[in-house]
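For reference, each letter of the sequence shown is one residue, going 1 to 346 in full-length UniProt numbering.
For glycine and all other residues, C-beta sits at the position ideal for the given N, C-alpha and C.
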Amino acid sequence: MSLLILGIESSCDETGVALVRTPDGQGVPTLLSHALHSQIEMHRAYGGVVPELASRDHIRRVLPLTEKVLAESGEQLENVDVIAFTRGPGLAGALLVGSGAACAMAAALDKPVLGVHHLEGHLLSPFLSADPPEFPFVALLVSGGHTQLMRVDGVGEYEILGETIDDAAGEAFDKSAKLMGLPYPGGPVLSKLAEGGDPQAFKLPRPLLHSGDLDFSFAGLKTAVLTQAKKLGDELEARKADLAASTQAAIVDVLVKKTMAALKQTGMKRVVVAGGVGANKQLREQLNEACAKHKIRVHYPELHLCTDNGAMIAMAAAMRIQAGREQALHEYAFDVKPRWPLDSLR
Ligand code: KG4
Ligand code: ZN
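Put into structure tokens, the structure is as follows:
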């Protein structure tokens with residue numbers, strides 16, 4: 001039976017709403033419409049996300065965005081079969097807005113709800129692209145809060161092969177950018193600046209590159225960037241693009257080499273990249289090159305679906321229901337999970 005699923009994302013600083021439809025029987029669900037409001041402008045003055053402001057803004061945005069996706073798709077709210085929302089991980093107050101809105105709408109319409117894992121949303125977002133992957137694959141999940149290599153055998157079949165022992169890759173981008181005096185969010189700004197710089201200008205550490213396992217560590221890199229910035233002193237302004245390029249090269253180098261090691265270790269021939277850092281151009285270029293050399297297929301989400309959005313939440317709900325892993329229920333519990341390990345999912 002075809003299902004119309006509304007998805008709501010509100011775990012951090014983006015309010016996202018989307019509608020997907022599952023086909024009759026199996027097959028990849030279709031994205032009908034999606035809408036997003038980014039809070040970047042609002043948080044920029046503070047140099048990072050202010051949780052209380054994030055929650056308040058989600059409240060202001062969630063219903064207008066819902067009306068927008070309904071209008072754009074030509075669907076009626078009462079025809080929605082399931083309302084999905086991000087249950088975690090993320091900021092507790094922000095998550096409560098999405099779950100509150102989802103549960104309130106569902107209760108009013110007498111429809112079931114489904115709480116979705118934010119990272120499962122990222123992980124499955126490449127299925128929304130023109131070139132969707134097939135299971136099984138190795139996944140490189142690189143967001144602002146997480147850096148994980150996973151073996152993915154199907155929906156809900158996730159085994160963590162390695163992860164960061166301290167900062168996430170996105171965090172490494174953001175914190176290094178901040179140390180260089182770049183505005184929030186650092187990742188995309190640093191990467192843009194790096195285009196005009198020399199990636200070999202500064203020798204920065206590649207932590208755990210030869211550790212023999214698939215774990216990551218980025219905290220030391222941040223310290224090295226700070227040391228380098230201090231050493232440059234007045235020269236920093238003139239050498240900023242070089243420092244940005246060198247920082248990006250260090251992060252990308254580790255991500256690519258560890259991903260290739262994970263592919264070798266599992267013997268898999270397919271890799272899926274997901275999460276905000278998956279938008280990084282250098283990462284895509286270097287990974288494409290390495291994968292071409294080893295005859296590995298590589299999949300990414302569409303660029304605009306790399307960072308947080310509602311489409312991935314509706315999609316993950318659709319795929320979990322299709323796989324028979326989950327049922328949407330008439331239980332309006334408001335129980336969000338700010339901390340929630342992905343490999344605890346079934
Ligand atoms: O997945 P995401 O939107 O949110 C989380 O779930 O964390 O990821 C956001 C992260 C931020 O750290 C941001 O700086 C980084 O992704 N990011 C990038 C780029 N675009 C977003 N990092 C490097 N290059 C980019 N182009
Ligand atoms: Zn995210």
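Cβ-based neighbour list, residue i, same chain, cut-off 7 Å, excluding 5 preceding and 5 following
i, result
"Pro51", "Leu91, Gly93 and Ala94"
"Lys281", "Ser191"
"His118", "Ser11, Thr86, Gly88, Pro89 and Gly90"
"Met1", "Asp24"
"Glu72", "Ser33"
"Ala224", "Leu204 and Pro205"
"Arg284", "Tyr300"
"Tyr332", "Cys103, Ala106, Ala107 and Val113"
"Asp234", "none"
"Asp131", "His299"
Contacts around residue i, its chain only, beta-carbon distance under 8 Å, and the 5 residues preceding and following it disregarded
i, result
"Val189", "Ala177, Leu182 and Pro183"
"Pro338", "Gly88, Pro89, Gly90, Leu91, Ala92 and Leu95"
"His43", "Asp13, Val49, Val50, Leu53, Ala54 and Tyr184"
"Glu78", "Leu109"
Under 8 Å between C-beta atoms of residue i and residue j
i, j, result
"Glu163", "Gln148", "yes"
"Ile313", "Phe137", "no"
"Asp167", "Ala250", "no"
"Leu255", "Val152", "no"
"Ser38", "Leu305", "no"
"Gly310", "Val17", "yes"
"Leu329", "Val113", "yes"
"residue 348", "Ile83", "No answer is possible for residue 348: the residues shown for the chain start at 1 and end at 346."
"Val80", "Lys111", "yes"
"Gly187", "Asp242", "no"
"Leu221", "Pro199", "no"
"His58", "Val20", "no"
"Leu128", "Glu14", "no"
"Ser246", "Ala290", "no"
"Lys240", "Leu193", "yes"
"Thr259", "Val272", "no"
"Glu157", "Ala316", "no"
"residue 392", "Ile40", "Here the chain covers residues 1 to 346 and nothing more, so residue 392 does not appear."
"Ala244", "Leu236", "no"
"Val336", "Ser99", "yes"
Residue i: first and last residue of the uninterrupted alpha helix (DSSP H) it sits in
i, result
"Ser129", "That residue, Ser129, is in no alpha helix (DSSP H); it is neither H nor E in DSSP."
"His43", "Ile40 to Arg44"
"Glu237", "Leu236 to Thr266"
"Glu120", "His118 to Leu124"
"Leu161", "Not the alpha helix (DSSP H): Leu161 falls in the beta strand (DSSP E), residues Glu157 to Glu163."
"Val152", "Premise fails: Val152 lies in the beta strand (DSSP E), Thr147 to Gly154, not in any alpha helix (DSSP H)."
"Ala101", "Ala92 to Leu109"
Spatial neighbours of residue i in its chain, beta-carbon cut-off 6 Å, leaving aside the 5 residues before and after
i, result
"Gly74", "none"
"Ile165", "Asp215 and Ser217"
"Leu226", "Leu179"
"Asp343", "Tyr158 and Ile160"
"Gln327", "none"
"Lys175", "Lys222"
"His294", "none"
Best match in the options for proximity to residue i [C-alpha to C-alpha]
i, options, result
"Pro23", "Leu4, Ile40 and Asn309", "Leu4"
"Pro133", "Thr15, Gly144, Asp215 and Val155", "Val155"
"residue 359", "Tyr300, Glu171 and Phe135", "Past the boundaries of the shown model lies residue 359; the chain is included only from 1 to 346, so the question cannot be answered."
"Val298", "Arg61, Ala139 and Gly233", "Ala139"
"Met268", "Ile8, Met150, Glu14 and Gly27", "Met150"
"Leu287", "Ala261, Thr266 and Asp308", "Ala261"
"Gly212", "Val28, Phe173, Lys264 and Ala244", "Lys264"
"Ala323", "Arg44, Pro29 and Ala238", "Pro29"
"Ala279", "Ala101, Thr266, His294 and Tyr300", "Tyr300"
"Thr266", "Ile296, Leu283, Ala238 and Val252", "Ile296"
"Pro64", "Gln228, Leu204, Phe173 and Ala35", "Ala35"
"Ala169", "Asp234, Ala130, Ala238 and Ala274", "Ala274"
"Lys257", "His122, His210 and Asp174", "His210"
"Glu195", "Gln248, Ala238, Leu161 and Glu78", "Gln248"
"Phe135", "Met319, Val116 and Lys293", "Met319"
"Val62", "Ile321, Trp340, Asp234 and Leu6", "Leu6"
"Pro341", "Val116, Tyr46 and Leu31", "Val116"
"His122", "His294, Ala130 and Thr307", "Thr307"
Span of the beta strand (DSSP E) around residue i
i, result
"His58", "Counting along the chain, His58 falls outside any beta strand (DSSP E), though it belongs to the alpha helix (DSSP H) covering Pro51 to Ser73."
"Gly7", "Leu4 to Glu9"
"Thr22", "Segment: none, Thr22 is in no beta strand (DSSP E) and carries neither H nor E."
"Ala333", "Ala333 -> no beta strand (DSSP E), and no H or E assigned at all."
"Phe137", "Phe137 to Val142"
"Gly47", "First-last for Gly47: undefined, no H or E at that position."
"Arg87", "Val82 to Gly88"
Enumerate, from N- to C-terminal direction, the unbroken alpha helix (DSSP H) stretches of 4 or more residues contained entirely within the stretch 171-231.
186-194
What are the start and end residues of each continuous beta strand (DSSP E) run of 3 or more residues lying completely inside the stretch 271-327, in chain order?
297-299
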